[in-house]
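Residue 155 is where the sequence shown starts when you use the numbering used here, and the numbers rise one by one after that. In this text, a Cβ means the ideal position worked out from N, Cα and C, and glycines have one as well. Quick caveat: nothing in here was measured; it's all calculated off a predicted structure.
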Amino acid sequence: MEVIDRRSAGPARVAIVGGIHGDEPAGERIVRRLAAALPELSGEEADAAPDGEQAVGDGNARGVIRLVVANEPALEAGVRYTDVDLNRSFPGDADSDEYERALAPRVAEAVRGMDAVLALHTSHSAPPPFAIYSECTESVRRTVTGMPVDYVVDSGGLRSTTLDSVVDHTVSVEVGRQGSEEAAEFGYEASLAFLRAHGALDDEPPTFTETTVVEGFEEVPKGGGEPHVHYRNFETIPQGAVFAHDDVYTHRVEGADVVPILASEHGYEDIFGIYGRITGTIDPPEE
Ligand SMILES: [Zn+2]
155 MEVIDRRSAG PARVAIVGGI HGDEPAGERI VRRLAAALPE LSGEEADAAP
205 DGEQAVGDGN ARGVIRLVVA NEPALEAGVR YTDVDLNRSF PGDADSDEYE
255 RALAPRVAEA VRGMDAVLAL HTSHSAPPPF AIYSECTESV RRTVTGMPVD
305 YVVDSGGLRS TTLDSVVDHT VSVEVGRQGS EEAAEFGYEA SLAFLRAHGA
355 LDDEPPTFTE TTVVEGFEEV PKGGGEPHVH YRNFETIPQG AVFAHDDVYT
405 HRVEGADVVP ILASEHGYED IFGIYGRITG TIDPPEE
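Okay, here's the thing in structure tokens:
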């Protein structure tokens, strides 16, 4: 793990994490581009915020923008993980022999106590980009309505092994298709919007827009054989229609207003995606 601290324009303490998955190079590229663009801490500030530690709870603590490259060995090898999926390993175990299971508590510690955390991801699934949270705190509201995404997935009812499920005020963002230039570019712009939303960057005022909430409620398993997916992300699946099928499963949707999340034929070994339902909207913070 590499931690790079940069100067915040205000008292906000925020973090952006890239490279949780080693086969998603956009995250590291975005973090390094931010590191090059944002002002460095002065010597005194750097002493007050040594890597991996924070003066949390200190009312006089200065703001900081903490940039994290999480899984360097996996990034170097160009693989999602070396031993186990880091984003299925939180909170982790410092004593584990598995690299990512031991890395998880270090990553969480580096960003815990921050006012807001953004975890960058790309996927095999189709656009549009979207955000994911486990719990909608005021900080999370600010993040999701401050970024240029129309949809946010509430995954509170799904897994509890992701970074956003173990560190408060964390939002994950799927910035686009794995390996694409568009993903790296969109993710950089979304990161700047995140920093502006929290007052950590003051080059221009933040813009907030209402965001549609989709609650993920069920993973859709793959069986085997040629996979077929018939609906795109956030597109309503008509009642009775088949969302996806292969040699083992035919997934016919019985309920109303079901939309797919992370829908993909070849992106994931074990699932076609996740069933979700639009549950409402998140309004911008009151200024
Ligand atoms: Zn990822």
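With a minimum length of 4 residues, the unbroken runs of alpha helix (DSSP H) contained wholly in the region 287-348 fall at 292-300 and 317-320.
In terms of side-chain proximity, the C-beta atom of E178 is found nearer than 7 Å to a non-hydrogen atom of ligand 1.
With a threshold of 7 Å, the Cβ atom of I425 does not count as near ligand 1, since no heavy atom of the ligand is closer than that. About 5 Å separates the CB atoms of V307 and V368; that is less than 8 Å, so the two are in contact. Apart from sequence neighbours up to five positions away, the residues of its chain that approach G310 with a beta-carbon distance below 7 Å are S288 and E289, ordered along the chain. G379 is classed as exposed because its beta carbon has fewer than 16 other beta carbons within 10 Å across all chains shown.
Here the alpha carbon of F426 sits roughly 28 Å from the alpha carbon of I184. A distance below 7 Å between beta-carbons, with the five flanking residues on each side excluded, links T363 to the following residues of its chain, in chain order: T299 and P438.
DSSP, reduced to helix, strand and coil, places V185 within a helical segment of the structure shown.
In the DSSP assignment, P375 is bridged to I425. Residue P381 holds the alpha-carbon nearest to the alpha-carbon of H405 among I158, A273 and P381. Taking D356 as reference, the option from G217, G173 and R186 with the minimal CA-CA separation is G217. Distances from the CA of D269 to each of I219, S250 and R431 were compared; the closest alpha carbon is that of I219. DSSP places G197 within a helical segment (H, G or I) once states are collapsed to three.
If you check the C-beta of H275 against ligand 1, you find a heavy atom less than 7 Å away.
The bridge partners DSSP lists for L192 come to none.
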